[in-house]
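The sequence shown begins at 210 in the working numbering and counts up by one.
Backbone N, C-alpha and C fix where the C-beta goes; we use that ideal spot for every residue, glycine too.
All values derive from a computational prediction rather than experimental measurement.
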Amino acid sequence: MKIPARPKVIIRHCDAYDPDRIRAIVREGLDTLGLSPHGRTLVKPNCVASKPQFPHAFTRAEFLEGVLGALRDRAGDLEELAVGERCGITVPTRLAFEGADYYPMFKRARVKHYHFEEVPQVEIPLSHPGRLRDYLFTPEPVARADFFVNCPKFKAHPWTTVTFSLKNYIGIQDDRHRLIDHDHRLDEKIADLQYIVQPQLVAIDAIIAGEGRMLTPKPKRLNLVILGNSQVATDAVCCRILGLDPRSVDHIRMAHERGFGPVDLDAIDVLGDVTLDEARRRAEGFEVGLVRVEKYFEGTAISAYAGPPPEPERTDYCWGGCPGAIEEAIEILRQFDASCDAKLKRIHVVFGAYEGPIPAKPDERVVFIGDCARYEGEVGGKLIKIESLYRDRSTKDPHEAKHDDIFVKMASVTAKVAEASRTKSPIRLAGCPVSVAEQVLLLVAASDVKNPILDPENAWRFNKAYLAWRGSTAAQRLRGKPYQVHGPCSRGGAAPEVETPRADAEE
Ligand code: SF4
Numbered sequence: 210m211k212i213p214a215r216p217k218v219i220i221r222h223c224d225a226y227d228p229d230r231i232r233a234i235v236r237e238g239l240d241t242l243g244l245s246p247h248g249r250t251l252v253k254p255n256c257v258a259s260k261p262q263f264p265h266a267f268t269r270a271e272f273l274e275g276v277l278g279a280l281r282d283r284a285g286d287l288e289e290l291a292v293g294e295r296c297g298i299t300v301p302t303r304l305a306f307e308g309a310d311y312y313p314m315f316k317r318a319r320v321k322h323y324h325f326e327e328v329p330q331v332e333i334p335l336s337h338p339g340r341l342r343d344y345l346f347t348p349e350p351v352a353r354a355d356f357f358v359n360c361p362k363f364k365a366h367p368w369t370t371v372t373f374s375l376k377n378y379i380g381i382q383d384d385r386h387r388l389i390d391h392d393h394r395l396d397e398k399i400a401d402l403q404y405i406v407q408p409q410l411v412a413i414d415a416i417i418a419g420e421g422r423m424l425t426p427k428p429k430r431l432n433l434v435i436l437g438n439s440q441v442a443t444d445a446v447c448c449r450i451l452g453l454d455p456r457s458v459d460h461i462r463m464a465h466e467r468g469f470g471p472v473d474l475d476a477i478d479v480l481g482d483v484t485l486d487e488a489r490r491r492a493e494g495f496e497v498g499l500v501r502v503e504k505y506f507e508g509t510a511i512s513a514y515a516g517p518p519p520e521p522e523r524t525d526y527c528w529g530g531c532p533g534a535i536e537e538a539i540e541i542l543r544q545f546d547a548s549c550d551a552k553l554k555r556i557h558v559v560f561g562a563y564e565g566p567i568p569a570k571p572d573e574r575v576v577f578i579g580d581c582a583r584y585e586g587e588v589g590g591k592l593i594k595i596e597s598l599y600r601d602r603s604t605k606d607p608h609e610a611k612h613d614d615i616f617v618k619m620a621s622v623t624a625k626v627a628e629a630s631r632t633k634s635p636i637r638l639a640g641c642p643v644s645v646a647e648q649v650l651l652l653v654a655a656s657d658v659k660n661p662i663l664d665p666e667n668a669w670r671f672n673k674a675y676l677a678w679r680g681s682t683a684a685q686r687l688r689g690k691p692y693q694v695h696g697p698c699s700r701g702g703a704a705p706e707v708e709t710p711r712a713d714a715e716e
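Next up, the structure:
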């Protein structure tokens, strides 16, 4: 795993989603970086969610098409050119690819594609100090890629401040593995994922960037294509464009401290036809920032209370887990139901070891979300005691991780809400984390808000993609192909090694 001794980051002007123009820019970038795609070349976009509800959340098809064209133009001995991704959990990647208009583009670009939740997952051993666990699972196409291209969207993220190239690695795990450690130590998880593979090329879609949020960002036109040969350096330059210190973003700081690349501008060659100052000018006022759940829901029908997660000595708030998930859940519902906020009845949601008051009236719902939620006190005139269900992460074995089916979840959440209504008791949602999808289902079950999965306009597309996904994995099982391949994969897991600078590089 080689890290360039002096990484290059190229900032280019591009004011249109024109595949030909993007192709020319990326081709020139490959030349400047001295890169030639070869062997199995895999491109990983950010397609967490797509149209019609999430038009600014994903790497645009035209951008990918330009990148793929440039890779083909500069390819050496190419065995395969492919695109792979796992979109937001529980939703079929097929649905996200369709909404992003990727399928016709794959045909035009003559590339293969992988839905990462439908391919075997292989085990990558880890041995670096400070790791969260000794191995991770990743989709086979990622583990066997000879030339890896990370192609994220330039976006803000309310749990990790930003999502550029390092954070895009959350999509190189399927649901069951992605959810492990997706909690208050999410930034460490992202840093650990870096040991799986490092991209030779980073190409960031910053033509229309996304500010404020992750699934429903506000579009912000930056008219930029950002290329690099080190993802720490590239993310660091993106932070500088926003006026952020890259060390203030934990996963960038950790990856830097572990040797994945520099964050200081004097250790990076910043090139291109747009200066850093000009890029900064274009990004002026770009909204980023971590937003606590209590603040986020101020003025709505949701009252949120958050105590510290386990290991409070590390952080007093679970930035990567349940509280952030409910912020995304409401954003999803607002996209599907314009009257969402008006339809919500007062609901109190409680996270972590909360010790303050919960001023709920007797007829208002109270929900304790996440394994680590615990509480003792009076709620709605009754004394209640909620015990923590949290299990230390060392007791969770990725070999044993199970997939949570969305329809099974829907049935169980609906039953829990109905039971709580009958007994007039608080609702407890277990899990670490409780996913965005499950919190969507909670808010739907506890109100008259439209269920996105059953929404007539969406249901046909969702069910078609869901059945194709489940059919594909069932067919593989019938053919005797294991979904999860145990035993360490021979590739990945190595510590980063800084390349020896070439003599001519000093000129
Ligand atoms: S249960 Fe939720 S809030 Fe608690 S540590 Fe896990 S992810 Fe964080």
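N-terminal and C-terminal residue of the alpha helix (DSSP H) that residue i is part of
{"i": "proline 361", "result": "It is not in any alpha helix (DSSP H) - proline 361 carries neither H nor E in the DSSP assignment."}
{"i": "lysine 625", "result": "615-632"}
{"i": "histidine 222", "result": "First-last for histidine 222: 217-222, but that is the beta strand (DSSP E), not the alpha helix (DSSP H)."}
{"i": "valine 351", "result": "349-352"}
{"i": "proline 228", "result": "228-242"}
{"i": "isoleucine 298", "result": "Note, isoleucine 298: premise wrong, no alpha helix (DSSP H); not H, not E."}
{"i": "threonine 443", "result": "440-450"}
{"i": "glycine 419", "result": "Premise fails: glycine 419 lies in the beta strand (DSSP E), 410-420, not in any alpha helix (DSSP H)."}
{"i": "aspartate 478", "result": "No alpha helix (DSSP H) contains aspartate 478, which is instead part of the beta strand (DSSP E) from 478-480."}
{"i": "tyrosine 311", "result": "311-318"}
{"i": "glutamate 540", "result": "531-545"}
Where residue i falls, given that 16 or more other Cβ within 10 Å makes a residue buried
{"i": "histidine 695", "result": "exposed"}
{"i": "valine 588", "result": "buried"}
{"i": "alanine 684", "result": "exposed"}
{"i": "valine 576", "result": "buried"}
{"i": "aspartate 713", "result": "Because aspartate 713 sits at a pLDDT of 49, beneath the cut-off of 50, its placement in the model cannot be relied upon, and the following sentence gives the value as read from the coordinates. Counting Cβ neighbours within 10 Å, aspartate 713 comes out exposed, since fewer than 16 surround it."}
{"i": "alanine 225", "result": "exposed"}
{"i": "alanine 551", "result": "exposed"}
{"i": "leucine 650", "result": "buried"}
{"i": "lysine 362", "result": "buried"}
{"i": "lysine 633", "result": "exposed"}
{"i": "arginine 600", "result": "exposed"}
{"i": "glutamate 716", "result": "Interpretation of glutamate 716 is limited by its pLDDT of 37, a score under 50 that renders its predicted location unreliable; the figure taken from the coordinates is listed afterwards. By the 10 Å Cβ count, glutamate 716 comes out exposed."}
First and last residue of the uninterrupted beta strand (DSSP E) at residue i
{"i": "lysine 182", "result": "Since the first residue of the chain shown is 210 and the last is 716, residue 182 is not available in this structure."}
{"i": "histidine 205", "result": "Residue coverage of the chain in this structure runs from 210 to 716, which leaves residue 205 outside it and unanswerable."}
{"i": "glutamate 294", "result": "287-294"}
{"i": "glutamine 330", "result": "330-334"}
{"i": "asparagine 432", "result": "427-437"}
{"i": "glycine 640", "result": "No beta strand (DSSP E) holds glycine 640; DSSP gives it neither H nor E."}
{"i": "lysine 591", "result": "591-595"}
{"i": "glutamate 573", "result": "Looking at the DSSP string, glutamate 573 is not in any beta strand (DSSP E), and its letter there is neither H nor E."}
{"i": "proline 697", "result": "693-697"}
Nearest residue (CA-CA) to residue i, options the options
{"i": "lysine 504", "options": "Pro367, Leu652, Ala476", "result": "Pro367"}
{"i": "aspartate 482", "options": "Ile219, Ala291, Ala214", "result": "Ile219"}
{"i": "proline 334", "options": "Ala291, Val626, Ile405", "result": "Ile405"}
{"i": "leucine 553", "options": "Thr623, Ser656, Glu294", "result": "Ser656"}
{"i": "valine 717", "options": "Lys321, Arg490, Leu499", "result": "Past the edges of the chain, shown from 210 to 716, lies residue 717, and the structure says nothing about it."}
{"i": "proline 246", "options": "Arg215, Phe346, Val411", "result": "Val411"}
{"i": "phenylalanine 495", "options": "Pro426, Pro471, Ala547, Val502", "result": "Pro426"}
{"i": "valine 371", "options": "Val559, Lys618, Ala266", "result": "Ala266"}
{"i": "serine 644", "options": "Ala703, Leu388, Cys447, Thr604", "result": "Leu388"}
{"i": "valine 700", "options": "Glu349, Cys256, Glu522", "result": "The sequence shown places arginine at residue 700, not valine. Closest by alpha carbon: Glu349."}
{"i": "alanine 668", "options": "Ile435, Pro301, Leu453, Thr623", "result": "Pro301"}
{"i": "alanine 639", "options": "Tyr323, Arg583, Ala354", "result": "Arg583"}
{"i": "histidine 608", "options": "Gly533, Phe616, Gln693", "result": "Gln693"}
{"i": "glycine 421", "options": "Gln440, Gly243, Ala492", "result": "Ala492"}
{"i": "proline 517", "options": "Asp392, Arg430, Asp473, Glu540", "result": "Asp392"}
Residue i vs residue j beta-carbon contact at 9 Å
{"i": "cysteine 531", "j": "alanine 562", "result": "no"}
{"i": "phenylalanine 469", "j": "glutamine 382", "result": "no"}
{"i": "arginine 543", "j": "arginine 555", "result": "no"}
{"i": "glycine 248", "j": "aspartate 286", "result": "yes"}
{"i": "aspartate 444", "j": "phenylalanine 373", "result": "yes"}
{"i": "lysine 211", "j": "valine 626", "result": "no"}
{"i": "alanine 488", "j": "leucine 433", "result": "yes"}
{"i": "glutamate 289", "j": "methionine 314", "result": "no"}
{"i": "aspartate 401", "j": "arginine 342", "result": "yes"}
{"i": "glycine 297", "j": "lysine 253", "result": "no"}
{"i": "valine 559", "j": "alanine 629", "result": "no"}
{"i": "leucine 375", "j": "alanine 464", "result": "yes"}
{"i": "proline 566", "j": "isoleucine 593", "result": "no"}
{"i": "lysine 611", "j": "arginine 385", "result": "yes"}
{"i": "glutamate 307", "j": "alanine 674", "result": "yes"}
{"i": "proline 571", "j": "glycine 590", "result": "yes"}
Rounded distance between the beta-carbons of residue j and residue i, thought under 8 Å
{"i": "glycine 419", "j": "alanine 365", "result": "7 Å"}
{"i": "cysteine 360", "j": "threonine 268", "result": "5 Å"}
{"i": "alanine 515", "j": "arginine 501", "result": "7 Å"}
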